[in-house]
Ligand code: ZN
Ligand code: ZN
């Protein structure tokens, strides 16, 4: 008996010595997958920005992606709200908020009776700051209910692939990188790259070294002037138009923007709302690839990048501003530098790059109105008086919250007073239509009991999560938005918010373009087939067939 036990024990030791960690990992570079995937999301990039500024772009950036890659020219978001959190989640999970659960940047959580932020995780700590009170790193993907394509890559080979997410915004880094990422990095208010204890205990040496270079301060020590003579920005409105917000302390929102002065008021976070936020992200991404040897191992790695200065500037100045145009011309150079780096670092054919956006954006509503086009803004307080009216009808406060163009009803009051919830939903839905700028309303009951197959109702349904969404959803008229009178915002079901670029480049991609309809949720399953791995577990998108012909 003893002999047998000894033999089994010996056999186990022998097996572990020979076949466990010490066994050489076979080379997976079987050309069945690229060495590195880079997902580039440009925050708030409209599809037309590729063509609007085409004549001013250099040959190495956007033009190179279009000319040497494949352009799916008719790519749209297939749900609302078209916000940053849901956008990044949908690109990487291949499904809509109805399934992945990221129904907004923030939403109302009935269980805790408060507003929650899509990646906030109080159980995590900030990594990379000496300031105990800095909670900008207490983030994780715990609210995302499905796997991402990046999770599936890590699952496919027992975590041999390396996945890193980088963005100026926490949600732009955390959601794409998925639940199993090696790391995600974003920028805190001091202009430093930080992370969360969800990923690591300490920042890697290379991140500390990068922060020590104080590049944020260097970028902000220059005055921001236009890259080209300002009279060449003829696609945009005059720089002195009346639809833009100035930086803090600036008299007028016009060039040159004196960043060394503005930074005194706004702090280092200012870099996010300048084109140099994109430049420092590019610098950090190149450093990440080199330091982490991404694409140099035996298994395919995945780097997710989200350039978000475009969104900060879009909100502040609007899509027809010289500032936004200049930001894209500079971003074009940053992308050119990234592609050039990849040429020598790994070679174009070993890298698969895709570029898209998390949503697009409309023109400023006041500007549209000045042109005779129907547009306007809806102030959330409009609905406050509405709540008072309902109090008179039902004798209690029936609306618990209004957020993301959704009313959350107070279920406790309704149950306590034994009121008919469906009747209340229908009553509010019919009353709210009287508000100027509201085009349609749709109730929870109708979303749960019918299947809509045309926009905008279909998009509302795909953005509706039975547990997390409200009870009455509003759809504004085209051109109408919340609050904004200067700059712009986004979130609607209309093409100005849903139509985004989608460019594929590098590994196995043949040059070309197509106008076939593509949903944003088609990106993840397409990646899955290009990498020969499983689709994300809630995936509802379909692979883009033309890329495989
Ligand atoms: Zn965004
Ligand atoms: Zn935005």
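In our numbering, the protein residues as written are 83 to 631. Glycine included, each C-beta is placed from N, C-alpha and C at the ideal position.
Rounded to the nearest angstrom, how far is the Cβ of residue i from that of residue j, given a contact under 8 Å?
| i | j | result |
| --- | --- | --- |
| residue 118 | residue 433 | 5 Å |
| residue 181 | residue 200 | About 15 Å separates the two Cβ atoms, so there is no contact after all. |
| residue 219 | residue 277 | 6 Å |
| residue 359 | residue 343 | Going by Cβ atoms, the distance from residue 359 to residue 343 rounds to 18 Å, so no, they are not a contact pair. |
| residue 273 | residue 350 | 3 Å |
| residue 162 | residue 545 | 5 Å |
| residue 510 | residue 554 | 5 Å |
| residue 252 | residue 221 | 5 Å |
| residue 348 | residue 329 | 6 Å |
| residue 151 | residue 587 | 3 Å |
Taking just the CA atoms, how far does residue j sit from residue i?
| i | j | result |
| --- | --- | --- |
| residue 250 | residue 556 | 31 Å |
| residue 627 | residue 595 | 12 Å |
| residue 224 | residue 559 | 34 Å |
| residue 363 | residue 449 | 32 Å |
| residue 603 | residue 475 | 43 Å |
| residue 103 | residue 376 | With a pLDDT of 46 at residue 103, under the threshold of 50, the modelled position of this residue cannot be trusted, and the question is left open. |
| residue 414 | residue 143 | 5 Å |
| residue 125 | residue 497 | 42 Å |
| residue 472 | residue 478 | 8 Å |
| residue 371 | residue 385 | 8 Å |
| residue 137 | residue 590 | 28 Å |
| residue 535 | residue 258 | 28 Å |
| residue 58 | residue 593 | Absent from the structure is residue 58, since the part of the chain shown begins at 83 and ends at 631. |
| residue 551 | residue 232 | 26 Å |
| residue 299 | residue 345 | 9 Å |
| residue 140 | residue 410 | 11 Å |
| residue 108 | residue 616 | Only weak support is given to the placement of residue 108: the predicted model assigns it a pLDDT of 49, under 50, and the question is left unresolved by the model. |
| residue 373 | residue 244 | 12 Å |
| residue 452 | residue 336 | 21 Å |
| residue 424 | residue 447 | 41 Å |
| residue 314 | residue 320 | 11 Å |
| residue 436 | residue 421 | 12 Å |
| residue 228 | residue 383 | 20 Å |
Within the continuous alpha helix (DSSP H) that includes residue i, where are the two ends?
| i | result |
| --- | --- |
| residue 405 | 404-427 |
| residue 565 | Where residue 565 is concerned, there is no enclosing alpha helix (DSSP H), given that its DSSP letter is neither H nor E. |
| residue 472 | 464-476 |
| residue 371 | 358-373 |
| residue 514 | 503-514 |
| residue 530 | 526-531 |
| residue 291 | 287-294 |
| residue 132 | 131-134 |
| residue 458 | Taken as a continuous stretch (DSSP letters only), residue 458 belongs to no alpha helix (DSSP H), being part of the beta strand (DSSP E) at 458-460. |
| residue 167 | 166-175 |
| residue 436 | Segment 433-438 is the beta strand (DSSP E) holding residue 436; no alpha helix (DSSP H) there. |
| residue 389 | That residue, residue 389, is in no alpha helix (DSSP H); its beta strand (DSSP E) goes 383-389. |
| residue 180 | 179-182 |
In the DSSP assignment, find the unbroken beta strand (DSSP E) run with residue i in it and report its ends.
| i | result |
| --- | --- |
| residue 595 | 594-596 |
| residue 557 | 554-558 |
| residue 488 | 488-491 |
| residue 118 | 118-124 |
| residue 483 | 481-485 |
| residue 588 | 585-588 |
| residue 256 | Element bounds for residue 256: not the beta strand (DSSP E) but the alpha helix (DSSP H), 252-259. |
| residue 35 | No answer is possible for residue 35: it lies beyond the span of the chain, which begins at 83 and ends at 631. |
**Three-pair Cβ contact test at 8 Å for the region 557-571 versus the region 399-409** = yes
**Request:** Go through the residues and name those whose CB comes closer than 5 Å to any heavy atom of ligand 1, in chain order.
**Result:** 125, 166, 393, 440
**Prompt:** Counting pairs of Cβ atoms below 8 Å between the region 301-313 and the region 253-272, do you hit three or more?
**Reply:** Between the region 301-313 and the region 253-272, the count of C-beta pairs closer than 8 Å stays below three; the two stretches do not touch.
**Asked** Do the region 453-460 and the region 402-412 make contact, defined as three or more Cβ pairs closer than 8 Å?
**Response** Touching, no.
**Prompt:** Using 8 Å as the threshold, is the region 577-594 in touch with the region 156-164, meaning 3 or more CB pairs across them?
**Reply:** yes
**Prompt:** Would the region 484-491 and the region 185-196 be scored as touching if the rule is three or more Cβ pairs under 8 Å?
**Reply:** yes
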